[in-house]
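Numbering (my numbering) for the sequence shown: 17 to 389.
Each residue gets a CB set at the ideal place from its N, CA and C atoms; glycine is no exception.
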Amino acid sequence: MVRSAVFLAGLGAASAFVAPGVLPAGGARAPTLRATRMSAIPTVPFDSVTPTGASGPTLPGDGDLDFLEATPYWDQSGVTVNIAKQKDPLIGKIVSVQRMVGPNAPGETCNIVIDQDGKLPYWEGQSYGVLPPGIDPKKNKPYGVRLYSIASTRYGDDKKGKTTTLCVRRATYWDPETGKDDPAKKGVCSNYLCDAKPGDEVKLTGPSGKVMLMPEDDPNMTYIMVATGTGIAPFRTFLRRLFGEATPAGKNFKGLAWLFLGVANKDALLYDEEFQVYLRTNPDKMRLDYALSREGPLNKAGGKMYIQDKVEEYSDEVFDALDKGAHMYFCGLKGMMPGIQDMLEGVCKAKGLDFKEYLEKLKKNGQWHVEVY
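This is how it looks when you write it as structure tokens:
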């Protein structure tokens, strides 16, 4: 039996969160692809690789990447957490900060590469904590840790295991009375990171979390990833590990990775260039669908196409995969959960299933993974 995993990541102002608690490989329909090119795509400077766009490097380098693998590579018993804690953080250094969205994207999202000298190793699906400088005026003590999903594989974008990449949206507050951003209400940590310069020091904690780890013991696994905004971070690591690096996991992978990505418009797409490369080079192992809420097409009710609407279009395949052992992962803002659950409940009703019982079964079987902020 082919096992599957379904990943859903939520709409987010940043990939920071408070840590909490489908498709059969055979007979898959042809990929639904919306090829896009962002205008004025910037490049991300890396010293040892050749960037091709806002997503940074895309293709695997020469030679195998296996020096950070477990034995066997899917064994997660050695995954570590909390190597660095708030009272004794690791001091990393900013390598690069690069805006990665086009001029018409709502807000600013940055690709941030941090040198941690290999002293804070992590696995795909884990997170780092960042301690912004300064005193919290509400508590009159130093700011606490903000958690960010890691957007690079364990090898880092430099493929040397020395760096970590974060995908961060600058959090701002638009004051409707003044018609301007109110700097007093801006996100402390996201602005600190987006304003950082190469060489700046940054206090790091972690890594944290095991709920989002990839189950790699079955090379025939089908992964379905549904992301909006910076919730894409952990899923970029999955796709990069499977298709962008010469790792044992990638070499042995015979399944399917299907990414649903929801953003406002084409300029807001994240890591699109990279994903397009993977799709072109692995057409039998990857699918890609975009939901652009401000550009269309419309959903079946004639409204804006949000991520739950796009997933609903393929609900029969999703439920079939769950029945065959799929794992369903959620990562993102809490606000995305009601829409997703309402959609799933409606599908359950149409199929004559009790949603609460169905959900409890998924949780009992370890198929339901949630990490929201």
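Residue i and residue j closer than 7 Å at C-beta
| i | j | result |
| --- | --- | --- |
| Ala265 | Arg257 | yes |
| Gly94 | Ala86 | yes |
| Met321 | Ser331 | no |
| Thr96 | Gln132 | no |
| Gly141 | Met237 | no |
| Pro14 | Leu147 | The first residue shown for the chain is 17 and the last is 389, placing residue 14 beyond what the model contains. |
| Ala212 | Ile107 | no |
| Val279 | Leu285 | yes |
| Leu136 | Leu220 | yes |
| Asp173 | Val129 | yes |
| Gly134 | Lys178 | yes |
| Ser206 | Arg186 | yes |
| Ser165 | Pro250 | yes |
| Tyr189 | Lys175 | no |
| Thr263 | Ile323 | no |
| Asn120 | Asp283 | yes |
Residue i versus residue j: straight-line alpha-carbon distance, rounded
| i | j | result |
| --- | --- | --- |
| Ala70 | Thr246 | Low per-residue confidence applies at Ala70: pLDDT is 41, beneath 50, and the placement is therefore not dependable, though the value from the model is reported in the following sentence. Looking at the two C-alpha atoms, the distance is approximately 14 Å. |
| Asp80 | Arg170 | 14 Å |
| Tyr394 | Tyr144 | As shown, the chain starts at 17 and ends at 389. That puts residue 394 outside it, with no answer to give. |
| Pro58 | Phe259 | Because Pro58 sits at a pLDDT of 32, beneath the cut-off of 50, its placement in the model cannot be relied upon, and the following sentence gives the value as read from the coordinates. Between Pro58 and Phe259, the C-alpha separation is close to 23 Å. |
| Thr125 | Gly368 | 42 Å |
| Val327 | Val242 | 8 Å |
| Trp384 | Phe346 | 8 Å |
| Asn281 | Pro313 | 11 Å |
| Arg53 | Tyr287 | Summary for Arg53: the model assigns pLDDT 33, below 50, so the residue's position carries little reliability; its value from the coordinates is reported in the next sentence. C-alpha separation (whole angstroms): 11 Å. |
| Lys226 | Gly118 | 33 Å |
| Thr253 | Gln114 | 18 Å |
| Gly150 | Val204 | 9 Å |
| Glu333 | Asp152 | 48 Å |
| Asp233 | Asn268 | 10 Å |
| Trp139 | Glu193 | 45 Å |
| Ala342 | Ile240 | 9 Å |
| Trp90 | Tyr306 | 30 Å |
| Asp370 | Lys380 | 15 Å |
| Pro231 | Pro88 | 13 Å |
| Asn298 | Glu261 | 13 Å |
| Tyr389 | Met352 | 10 Å |
| Ala337 | Glu329 | 15 Å |
| Val161 | Gln102 | 7 Å |
| Glu289 | Gly318 | 30 Å |
| Leu182 | Asn127 | 6 Å |
| Gly15 | Glu361 | Lying before the first or after the last residue shown, residue 15 is absent from the chain, which here runs from 17 to 389. |
| Glu376 | Glu217 | 45 Å |
| Asp339 | Gly382 | 13 Å |
| Ala315 | Cys210 | The sequence as given places Asn at residue 315; Ala does not occur at that position. Asn315 and Cys210: Cα-Cα distance of roughly 34 Å. |
| Gly348 | Ala366 | 27 Å |
| Cys364 | Asp325 | 15 Å |
| Gly271 | Leu295 | 14 Å |
| Val184 | Phe291 | 18 Å |
| Val386 | Lys155 | 30 Å |
Start and end residues, alpha helix (DSSP H) containing residue i
| i | result |
| --- | --- |
| Phe371 | 371-380 |
| Phe276 | Here Phe276 belongs to no alpha helix (DSSP H); instead the beta strand (DSSP E) covers 272-279. |
| Arg252 | 249-255 |
| Met353 | 352-366 |
| Arg296 | 288-297 |
| Ile128 | Premise fails: Ile128 lies in the beta strand (DSSP E), 125-131, not in any alpha helix (DSSP H). |
| Asp325 | 323-328 |
According to DSSP, residues forming a beta bridge with residue i
| i | result |
| --- | --- |
| Asn268 | Note: Asn268 sits in no beta bridge, so no partner. |
| Pro214 | Pro214 is not bridged to any residue. |
| Leu106 | Leu220 |
| Asn120 | Looking at the DSSP assignment, Asn120 forms no beta bridge with any residue, so it has no partner. |
| Glu387 | Cys347 |
| Ile166 | Leu182 |
| Met230 | Met230 pairs with nothing; no bridge assigned. |
| Pro158 | Ile151 |
| Ser93 | DSSP lists no partner for Ser93. |
| Ser112 | Val129 |
| Ala284 | Answer is none; Ala284 lacks a bridge partner. |
| Lys101 | Asp104 |
Start and end residues, beta strand (DSSP E) containing residue i
| i | result |
| --- | --- |
| Val334 | Segment 331-339 is the alpha helix (DSSP H) holding Val334; no beta strand (DSSP E) there. |
| Val146 | 143-147 |
| Tyr306 | 302-308 |
Cβ-heavy atom distance, residue i to the ligand SAM, below 6 Å
| i | result |
| --- | --- |
| Leu258 | By its list of ligands, the structure shown contains no ligand whatsoever, and the ligand SAM lies outside what it can speak to. |
Worksheet item: Using 8 Å as the threshold, is the region 302-319 in touch with the region 275-294, meaning 3 or more CB pairs across them?
Response: yes
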